Structure formats: structure tokens, C-alpha cells
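Asks: Below is one structure. I have some questions about it.
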Amino acid sequence: MASTFLLPHELRGDGPHKVIAVHGWLADRSAYAPIVADLDQVSFQYALVDLRGYGEAKDTPGAYTTAEGAADVLALADRLGWERFSLLGHSMGAGVAQRVVASARHRVRRIAGVSPVPASGLVLPPQQWELFSTADNEPAHRRTILDLTTGGVRPAAWLDRMTARSLACVDAKAFRAWLDSWTGDDFHRDLEGCTTPALAVTGQLDPALPAELIRTTWLHWFSRGELVDLPVCGHYAMDEAPLALIRVVEDFLRADRP
Numbered sequence: 001m002a003s004t005f006l007l008p009h010e011l012r013g014d015g016p017h018k019v020i021a022v023h024g025w026l027a028d029r030s031a032y033a034p035i036v037a038d039l040d041q042v043s044f045q046y047a048l049v050d051l052r053g054y055g056e057a058k059d060t061p062g063a064y065t066t067a068e069g070a071a072d073v074l075a076l077a078d079r080l081g082w083e084r085f086s087l088l089g090h091s092m093g094a095g096v097a098q099r100v101v102a103s104a105r106h107r108v109r110r111i112a113g114v115s116p117v118p119a120s121g122l123v124l125p126p127q128q129w130e131l132f133s134t135a136d137n138e139p140a141h142r143r144t145i146l147d148l149t150t151g152g153v154r155p156a157a158w159l160d161r162m163t164a165r166s167l168a169c170v171d172a173k174a175f176r177a178w179l180d181s182w183t184g185d186d187f188h189r190d191l192e193g194c195t196t197p198a199l200a201v202t203g204q205l206d207p208a209l210p211a212e213l214i215r216t217t218w219l220h221w222f223s224r225g226e227l228v229d230l231p232v233c234g235h236y237a238m239d240e241a242p243l244a245l246i247r248v249v250e251d252f253l254r255a256d257r258p
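Below, the structure written as C-alpha cells:
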């Protein structure tokens with residue numbers, strides 16, 4: 001179903017290769033702030049978006065699902081006049097990006113997922129589910145999630161700042177609803193045999209979405225899939241290894257020669 005909602009967004013760069021960047025579960029588009037200054041804004045033009053329930057769309061009603069998010073992304077591409085574009089998605093946002101490929105793969109040049117949630121969803125063990133499913137109203141649980149998914153080695157001040165940002169930028173009800181979608185949605189059959197070039201970037205300190213999981217999911221469905229496992233990095237590569245992430249992602253995007 002087509003969307004009539006215009007995702008709040010900011011454009012960076014004016015290059016010919018268009019890229020839509022979708023944030024993850026714990027933050028709005030400010031998740032990409034650590035890398036914006038060093039992006040190649042001559043070769044690329046990036047549209048950084050806020051999904052429903054986040055940032056400038058914090059009060060926007062919705063179903064808060066990957067399918068709805070994908071429809072919103074396609075509607076934005078239409079509004080921008082981008083018939084063909086690439087996708088960059090972090091974690092949950094990579095689930096939204098994969099939904100875009102599943103529904104309109106002819107429009108997607110390339111897709112890059114940073115610690116990408118698989119298109120089969122992500123089943124959490126009972127103890128983890130309890131932690132994640134109560135993080136909407138328990139700030140300490142968000143902080144614990146951040147700490148666990150970055151190997152328990154990040155400074156306390158960073159964990160505090162990231163937690164505060166999360167609390168400020170996302171509606172609690174939407175936050176909880178998005179969890180049900182990105183853990184429970186399973187549309188991987190719509191991607192099997194997909195020839196869209198697809199890069200997955202994982203962090204070696206992230207136990208939630210390790211490289212091995214990506215090998216059995218992402219690389220299984222995308223016949224032109226690639227994997228880069230960054231050392232000394234967890235789930236938040238934009239913060240933990242920004243320059244390495246830019247180099248890996250933009251080298252991948254530049255490999256497209258229309």
C-alpha cells in the first residue's frame with residue numbers, strides 16, 4: 001500500500017548517487033551525526049530520515065512496522081524524484097531497507113546494512129526479551145542494551161549520553177511497537193535469490209548480531225551479498241568506528257556503475 005506520509009528528512013550533499021539512510025531502534029536520524037561531516041557529498045546525496053515515532057515524526061501515528069516504514073521510504077523517494085537510489089540502514093533500519101528491496105527491488109541500486117536485523121526477524125531469548133520489551137519505560141534497560149551490544153567496554157558517559165538521546169528522540173509507545181515488528185516480522189522468502197548488491201557490516205563486539213548470524217541469513221538470501229566484520233566495534237559503528245564505516249560503505253556504493 002502506498003504511503004501519503006512524508007518522512008521528515010535532511011539532505012546532505014548533491015551528488016548523482018542518491019542514498020536514503022534509515023536509523024535503528026534506539027535513535028532518530030541523529031544516529032548518523034558522527035559520520036555526516038566526512039561523507040562524500042560530491043559523489044552522493046544522502047537523505048537522512050526520521051521514521052514514525054522518532055525525531056520530527058515523534059508524534060506521528062502509525063502501525064510502526066517495517067512494512068509501513070518501507071512504504072514511507074518509497075513515498076519519500078517519489079517526492080524527491082529519485083527513481084533509483086541506494087539504501088543505508090542501521091539495525092532495525094536495515095530491516096526497513098530490506099523491506100524496500102523486497103517490494104521494489106527494481107528501484108534499489110545497492111543496500112548496505114550496519115548490524116542489520118535479518119529479514120527473518122530476530123528471536124530474543126526470554127531473558128533478553130524481558131530486557132528489551134521493558135526498555136520503553138525503563139531507561140536503565142536501554143543503557144544496559146547499549147552496554148551489552150558494545151561489548152561492555154564503552155565509557156559510562158557515552159552510555160549515559162546515548163540513553164538520554166534515545167529517551168528524548170522516540171515516543172515510548174512507538175518504541176515498544178517497533179520492537180514487535182523488527183523481532184517478529186519474517187519476509188525473508190521475498191528476498192531469496194535477490195541479485196541486488198548487498199553489504200552487511202557487523203561489529204566484533206556485538207553479540208546480538210554477530211557475523212555468523214549474517215552469514216546464515218543476509219548472505220544466504222542476497223546472491224551478491226558481502227560481509228565486513230569490523231574489529232573493536234560493536235552495534236553502533238557510526239559512533240564506535242565512524243571513519244572505518246564510511247570507507248567500507250562508500251567504497252561499496254561506488255562500485256555501482258550505472
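Per my numbering, the very first residue in the sequence shown carries number 1; after that it's consecutive.
The beta carbon of each residue, even a glycine, is placed where N, CA and C say it ideally should be.
Bear in mind the structure is a predicted one, so any value in this text is a computation, not a measurement.
1. DSSP three-state label for Arg143, please.
2. Grab the span of the beta strand (DSSP E) containing Thr202 for me, first residue to last.
3. Rounded to a whole number of angstroms, what is the C-alpha to C-alpha distance between Arg263 and Ala27?
4. Helix or strand or just coil, what does DSSP make of Val248?
5. Apart from the five residues just before and just after Ala309, which ones in its own chain have a Cβ nearer than 8 Å to its Cβ?
6. For Trp182 and Leu213, I'd like the C-alpha separation in whole angstroms.
7. Please determine, among Ala31, Ala2, Arg247 and Leu167, the residue with the shortest C-alpha to C-alpha distance to Met92.
8. In whole angstroms, give me the CA-to-CA distance for Val123 and Ile111.
9. Taking only the alpha-carbon atoms, compute the straight-line gap between Asp50 and Ala174 and give it to the nearest angstrom.
10. Nearest CA to the CA of Ala255: which residue from Ile20, Phe44 and Leu11?
11. Which residues mark the beginning and the end of the alpha helix (DSSP H) in which Gln127 is found?
12. Whose CA, out of Gly55, Leu253, Ala102 and Asp206, lies closest to the CA of Leu146?
13. What residue range is occupied by the uninterrupted alpha helix (DSSP H) comprising Phe175?
14. State yes or no: is the C-beta of Leu131 within less than 8 Å of the C-beta of His141?
15. For Val100, does the three-state DSSP call read helix, strand or coil?
16. Taking just the CA atoms, how far does Tyr46 sit from Pro155?
17. Would you identify the three-state DSSP class for Arg12, choosing helix, strand or coil?
18. Which residue marks the beginning of the beta strand (DSSP E) containing Val22, and which one marks its end?
19. CB-CB under 6 Å to Glu226, same chain, minus the five flanking residues each way: which ones, in chain order?
20. Measure the beta-carbon distance from Gly15 to Val36 and round it to whole angstroms, keeping in mind my assumption that it falls under 8 Å.
21. So who's on the other strand from Tyr46, going by DSSP bridges?
22. Which whole-angstrom value is the C-beta distance of Ala77 and Ile20, which I expect to be below 8 Å?
Replies: On the basis of the data shown:
1. Taking the sequence shown and counting its residues from 1, the one referred to as residue 143 is at position 143. Here Arg143 sits in helix by DSSP.
2. Residue mapping note: residue 202 aligns to position 202 of the sequence shown, counting from 1. Looking at the DSSP string, the run of the beta strand (DSSP E) that includes Thr202 is Ala198 to Gly203.
3. Lying before the first or after the last residue shown, residue 263 is absent from the chain, which here runs from 1 to 258.
4. What you label residue 248 is simply residue 248 of the sequence shown in a count that begins at 1. Here Val248 sits in helix by DSSP.
5. Outside the displayed span of the chain (1 to 258) sits residue 309, for which this structure offers no information.
6. Taking the sequence shown and counting its residues from 1, one reaches residue 182 at position 182. Taking the sequence shown and counting its residues from 1, one reaches residue 213 at position 213. Roughly 16 Å separates the two Cα atoms.
7. For the purposes of this step, residue 92 is taken as residue 92 along the sequence shown, with counting starting at 1. The shortest C-alpha separation from Met92 is found at Ala31.
8. For the purposes of this step, residue 123 is taken as the residue at position 123 of the sequence shown. For the purposes of this step, residue 111 is taken as the residue at position 111 of the sequence shown. Looking at the two C-alpha atoms, the distance is approximately 23 Å.
9. The residue labelled residue 50 in the question sits at position 50 within the sequence shown. The residue labelled residue 174 in the question sits at position 174 within the sequence shown. Distance between the alpha carbons of Asp50 and Ala174 is about 13 Å.
10. As a working note, residue 255 is residue 255 in the sequence shown. Considering only alpha carbons, the answer is Phe44.
11. As a first step, residue 127 is located in the sequence shown; it is residue number 127 there, counting from the start. Looking at the DSSP string, the run of the alpha helix (DSSP H) that includes Gln127 is Pro126 to Ser133.
12. As a first step, residue 146 is located in the sequence shown; it is residue number 146 there, counting from the start. That would be Asp206, whose Cα lies nearest to the Cα of Leu146.
13. By 1-based counting over the sequence shown, the position of residue 175 is 175. Run containing Phe175: Ala172 to Gly184, per the alpha helix (DSSP H) assignment.
14. Position 131 of the sequence shown holds residue 131. Position 141 of the sequence shown holds residue 141. Result yes, Cβ atoms of Leu131 and His141 sit closer than 8 Å.
15. Mapped onto the sequence shown, residue 100 falls at position 100. Val100 falls in the helix class under three-state DSSP.
16. Stepping through the sequence shown from its first residue, residue 155 is reached at position 155. Stepping through the sequence shown from its first residue, residue 46 is reached at position 46. Their backbone Cα atoms lie some 30 Å apart in a straight line.
17. Taking the first residue of the sequence shown as 1, we reach residue 12 at position 12. DSSP places Arg12 in strand when its eight states are reduced to three.
18. Counting from one through the sequence shown, the residue named residue 22 turns up at place 22. Note, Val22: beta strand (DSSP E), His17 to Val22.
19. Start at 1 with the first residue of the sequence shown, and residue 226 comes out as number 226. Result list for Glu226: Leu199, in chain order.
20. In the sequence shown, the residue the question calls residue 15 occupies position 15. In the sequence shown, the residue the question calls residue 36 occupies position 36. Actually they do not touch by this definition, with Cβ atoms about 14 Å apart.
21. For the purposes of this step, residue 46 is taken as residue 46 along the sequence shown, with counting starting at 1. In DSSP, Tyr46 forms a bridge with Arg12 and Val19.
22. Numbered from 1 along the sequence shown, position 77 holds the residue referred to as residue 77. Numbered from 1 along the sequence shown, position 20 holds the residue referred to as residue 20. Right, the Cβ-Cβ distance comes to about 7 Å (below 8 Å), so this counts as a contact.
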